[in-house]
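Chemist:
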Amino acid sequence: MKSSLDGSVASSYDVENEKLNEAHLNTPGHSVDEGYAWVILAISFFVNFAGLGIAFSAGVYTPVLLEEFNGKKEAVGLIGALYIGFIFFAGPVSGYFTNQFGHRATIIGGALLATLGVALGAAVSNVWLLCVTVGVVGGSGTSMIYIPSVTILAEYFHKWKAVAFTISAVGIGTGTLVMPLYLKWAIDQYGRRGAYLMTAGVILQVVVAGFLIDRTQTQIQNRKSNFTLKEQFASICNWKFISFLANNFLFGLSTTIVFVFLPDYAELKGLTKIQAVYLVSIIGISNAVGRLLNIPISLCHCNNGIVYAITCALSGVVVCVINIPVSENEKTFIFLAFACLMYGLMFGIQLANLVVVTNYLCQDRFLNFALGIAMMFNGTGSICGSPVAAYFFTVGGESFELPYYIAGGVTIIAGLIILPLVHKRRQPQTSIELDDRLE
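Using the numbering used here, you'd call the opening residue of the sequence shown number 242 and step up by one each time.
1) Is DSSP giving Cys-581 helix, strand or coil here?
2) Among Ala-322, Asn-528, Tyr-324, Thr-347, whose alpha-carbon lies nearest the alpha-carbon of Val-334?
3) For Val-521 and Lys-471, what's the separation of their Cα atoms in angstroms?
4) With 16 other CB atoms within 10 Å as the buried threshold, where does Pro-537 fall?
5) Alpha carbons only, please: which of Phe-588, Asp-455, Ile-284, Thr-635 is nearest the one belonging to Ile-388?
6) Which residues in the same chain as Phe-574 place their Cβ atom closer than 7 Å to its Cβ, once the five residues preceding and following it in sequence are excluded?
7) Let me know if Asp-429 comes out buried or exposed under the rule of 16 or more other beta-carbons within 10 Å of its beta-carbon.
8) Do you know whose CA, among Val-443, Ala-296, Val-305, Leu-602, lies nearest Phe-329's CA?
9) Could you give the residue range of the alpha helix (DSSP H) that holds Pro-537?
10) Measure the C-alpha to C-alpha separation of Leu-266 and Tyr-397 and round it to an integer number of angstroms.
11) Taking all protein chains shown into account, decide if Gly-270 is buried (16 or more other Cβ within 10 angstroms of its Cβ) or exposed.
12) What's the gap between the Cα of Tyr-632 and the Cα of Arg-434?
13) What first and last residue would you give for the alpha helix (DSSP H) that runs through Thr-356?
14) Got a sec, what are the start and stop residues for the alpha helix (DSSP H) Pro-304 sits in?
15) Do you know whose CA, among Val-301, Asn-594, Tyr-437, Gly-318, lies nearest Phe-485's CA?
16) Once the 5 residues before and after Ala-436 are set aside, which same chain residues still bring their CB inside 7 Å of it?
17) Taking only the alpha-carbon atoms, compute the straight-line gap between Val-636 and Ala-363 and give it to the nearest angstrom.
18) Classify Ser-285 as helix, strand or coil using the three-state DSSP reduction.
19) Would you tell me roughly how many angstroms separate the C-alpha atoms of Leu-577 and Ile-563, rounded to the nearest one?
20) Here's a check: name, in chain order, each residue in its chain whose Cβ is nearer than 8 Å to the Cβ of Leu-683, leaving out the five neighbours to either side.
21) When the Cα atoms are used, what is the spatial distance from Phe-641 to Phe-579?
22) Let me confirm a value: Pro-566 is counted as buried when at least 16 other C-beta atoms fall within 10 Å, else exposed. Which label applies?
23) Check the C-beta distance from Val-518 over to Leu-586 and give it rounded, since I have them as a contact under 8 Å.
24) Among residues of its own chain, excluding the 5 on either side of Met-617, which ones have a beta-carbon nearer than 8 Å to its beta-carbon?
25) Excluding five sequence neighbours on each side, which residues of the same chain lie with their C-beta closer than 6 Å to the C-beta of Cys-553?
26) So is Pro-661 buried or exposed if we call it buried at 16+ other beta carbons inside 10 Å?
27) In angstroms, rounded to a whole number, what distance separates the CA positions of Trp-401 and Asp-274?
28) Can you tell me the Cα-Cα spacing of Ile-523 and Asn-600, whole angstroms?
29) What number of angstroms, rounded off, separates the C-alpha of Lys-314 from the C-alpha of Leu-307?
30) For Gly-620, tell me which candidate among Ile-408, Phe-338, Ile-281, Ile-498 has the shortest Cα-Cα distance.
31) Just reading off the alpha helix (DSSP H) that Asp-505 is part of, what are its end residues?
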């Protein structure tokens with residue numbers, strides 16, 4: 242049996258892994274592609290809706306935080322950047338916890354940690370403490386929610402794996418549609434502190450979802466994770482995966498600039514606060530639609546990798562287009578709404594394929610680790626995005642045009658980087674099918 246990653250994986254392990262897969266198939270209540278698998282998919286959808294939906298709506302807090310902290314854009318922008326960034330930056334730790342303790346325990350622990358971080362944000366009055374509580378603690382907890390909620394699908398789906406990943410990802414888009422409106426209402430009614438407490442309450446519901454995951458699955462997962470750290474690193478030490486990491490870094494940098502500063506940018510263009518929030522929601526609904534569109538794309542057996550690369554590059558083009566000036570306010574809103582609609586569609590289709598592309602580049606048993614490393618690079622880019630945007634905002638004469646051109650440019654580059662890796666049609670690797678799909 243040929244290893245898909247430079248012969249670094251022992252075939253003897255795969256024989257044992259095949260036996261574990263058979264045990265998984267024969268475990269009561271753990272049918273693959275049917276039955277309880279769809280319950281797991283519903284849990285994954287809700288976790289993404291509550292956890293990631295809130296994270297990508299963090300920009301709604303930006304205007305009220307700027308007022309509270311006297312317009313300190315660098316510091317205030319860092320709160321949202323750290324929140325989004327640590328979801329991804331803490332990926333390897335989240336992957337490790339998932340391997341060691343299983344999906345169920347990691348999701349529950351992550352939800353409690355994220356709830357604590359956001360709730361503490363309601364109690365502090367210092368912008369740097371908000372960076373720690375909401376940004377670092379809340380983001381790290383959300384990372385522990387996200388990775389196991391996605392990788393658990395590889396345990397329950399084979400034939401419908403790409404579709405399952407897509408439906409799960411729709412939860413993020415749906416959350417990004419609903420949460421900005423909810424958070425804006427909460428801020429208007431209860432202020433920044435009350436809104437943080439209500440946000441923490443939503444995240445706490447993920448604990449309930451985590452308890453719905455069967456304990457038996459966790460025991461099987463722990464047995465299947467019996468491999469060394471050296472094997473894990475060997476599985477990603479190749480130029481293809483390194484190029485994929487570069488793609489994630491650049492995309493993370495640009496995403497933070499778009500999501501964190503969009504409401505403030507819209508207000509500088511003359512839109513009202515509620516119109517600015519609507520733009521974020523438009524990204525959310527088109528994001529969800531884009532993820533749904535990926536279902537027929539997957540069913541048609543299109544090359545998910547090429548779809549990922551093209552939509553990444555096109556989303557960069559849209560970000561650059563956002564800077565085109567429009568004379569009248571009403572036309573400005575319509576133009577920006579259309580741009581956000583297109584950005585959300587491209588963003589949604591791309592992210593619906595993120596886990597699928599990761600699975601192209603590694604076997605199922607390394608998916609937790611590989612996705613965690615990819616997320617860490619994405620998070621590093623996200624953390625860098627806010628200070629980069631703030632710096633070029635100042636350099637560009639107190640305007641977001643230069644930061645948005647930079648964000649668009651690096652996203653186009655990120656898409657072009659990934660194209661050489663995915664030019665052939667492939668199916669995601671499984672832990673039993675060890676062919677070299679990227680050669």
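Every residue, glycine too, gets a C-beta built ideally from N, C-alpha and C.
All figures in this text were calculated on a predicted structure; none of them were measured in a lab.
Modeler: On the basis of the supplied data:
1) Within the sequence shown, numbered from 1, the residue matching residue 581 stands at position 340. Of the three classes helix, strand and coil, the one that applies to Cys-581 here is helix, per DSSP.
2) As a working mapping, residue 334 is identified with position 93 in the sequence shown. For Val-334, the nearest C-alpha among the options comes from Thr-347.
3) Walking along the sequence shown from the start, residue 521 turns up at place 280. Walking along the sequence shown from the start, residue 471 turns up at place 230. Going by the C-alpha atoms only, they are around 42 Å apart.
4) In the sequence shown, residue 537 corresponds to position 296, counting from 1. Pro-537 comes out exposed.
5) For the purposes of this step, residue 388 is identified with residue 147 of the sequence shown, where counting begins at 1. Residue Ile-284 is the option with its Cα nearest to Ile-388.
6) Locating residue 574 in the sequence shown gives position 333, where the first residue counts as 1. Apart from the 5 residues on each side of it in sequence, Phe-574 sits with its Cβ closer than 7 Å to the Cβ of Leu-512, Gln-516 in its chain, given in chain order.
7) By one-based count along the sequence shown, residue 429 stands at place 188. Classification of Asp-429: exposed, given that the 10 Å Cβ count is below 16.
8) If you number the sequence shown from 1, residue 329 lands on position 88. Ranking the options by Cα distance to Phe-329, first place goes to Ala-296.
9) Sequence index remark: in the sequence shown, residue 537 carries index 296 (1-based). Counting along the chain, the alpha helix (DSSP H) containing Pro-537 begins and ends at 514 to 540.
10) Against the sequence shown, residue 266 aligns to sequence position 25. Against the sequence shown, residue 397 aligns to sequence position 156. At Leu-266 the pLDDT is 48, less than 50, meaning the model places this residue with poor confidence and gives no usable figure here.
11) Position 29 of the sequence shown, counted from the start, is the residue given in the question as residue 270. Legend: pLDDT at Gly-270 = 47, less than 50; position of this residue unreliable, value from coordinates given subsequently. Taking every protein chain shown into account, the CB of Gly-270 has fewer than 16 other CB atoms within 10 angstroms, so this residue is exposed.
12) Residue 632 sits at position 391 when you count from the first residue of the sequence shown. Residue 434 sits at position 193 when you count from the first residue of the sequence shown. Looking at the two C-alpha atoms, the distance is approximately 28 Å.
13) Within the sequence shown, numbered from 1, the residue matching residue 356 stands at position 115. Residues 332 to 362.
14) Here the question's residue 304 lines up with position 63 in the sequence shown. That run of the alpha helix (DSSP H) goes 303 to 309.
15) Indexing the sequence shown from 1 puts residue 485 at position 244. The shortest Cα separation from Phe-485 among Val-301, Asn-594, Tyr-437, Gly-318 belongs to Asn-594.
16) Here residue 436 refers to the residue found at position 195 of the sequence shown. So the qualifying residues of the chain are Leu-424, Ala-427, Ile-428.
17) Taking the sequence shown and counting its residues from 1, the one referred to as residue 636 is at position 395. Taking the sequence shown and counting its residues from 1, the one referred to as residue 363 is at position 122. One C-alpha to the other measures close to 33 Å.
18) Position 44 of the sequence shown, counted from the start, is the residue given in the question as residue 285. Ser-285: helix per DSSP, three-state reduction.
19) Taking the first residue of the sequence shown as position 1, residue 577 is located at position 336. Taking the first residue of the sequence shown as position 1, residue 563 is located at position 322. Straight-line Cα distance between these residues: approximately 6 Å.
20) Because the chain is modelled from 242 through 680, residue 683 falls outside the range shown and cannot be assessed.
21) Taking the sequence shown and counting its residues from 1, one reaches residue 641 at position 400. Taking the sequence shown and counting its residues from 1, one reaches residue 579 at position 338. Between Phe-641 and Phe-579, the C-alpha separation is close to 19 Å.
22) As a working note, residue 566 is residue 325 in the sequence shown. When all chains shown are included, Pro-566 counts as exposed.
23) Here the question's residue 518 lines up with position 277 in the sequence shown. Here the question's residue 586 lines up with position 345 in the sequence shown. With a Cβ gap of about 19 Å, Val-518 and Leu-586 do not count as contacting.
24) Locating residue 617 in the sequence shown gives position 376, counting from the first residue. Closer than 8 Å at Cβ, skipping near neighbours: Phe-329, Phe-330, Ala-331, Gly-332, Pro-333.
25) For the purposes of this step, residue 553 is taken as residue 312 along the sequence shown, with counting starting at 1. Excluding residues up to 5 positions away in sequence, Gln-591, Ala-655, Gly-656 lie with their Cβ nearer than 6 Å to the Cβ of Cys-553 in the same chain.
26) The count along the sequence shown starts at 1 and reaches residue 661 at position 420. The residue is exposed, with fewer than 16 neighbouring Cβ atoms inside 10 Å.
27) Here residue 401 corresponds to residue number 160 of the sequence shown, with the count starting at 1. Here residue 274 corresponds to residue number 33 of the sequence shown, with the count starting at 1. Rounded to the nearest angstrom, the two C-alpha atoms are 6 Å apart.
28) One-based indexing of the sequence shown puts residue 523 at position 282. One-based indexing of the sequence shown puts residue 600 at position 359. Rounded to the nearest angstrom, the two C-alpha atoms are 30 Å apart.
29) Reading the sequence shown from its first residue, position 73 is the one you call residue 314. Reading the sequence shown from its first residue, position 66 is the one you call residue 307. When rounded, the distance between both Cα atoms is 7 Å.
30) Working through the sequence shown from its first residue, we reach residue 620 at position 379. Closest option to Gly-620, Cα to Cα, is Ile-498.
31) Numbered from 1 along the sequence shown, position 264 holds the residue referred to as residue 505. First-last of the alpha helix (DSSP H) with Asp-505: 480 to 509.
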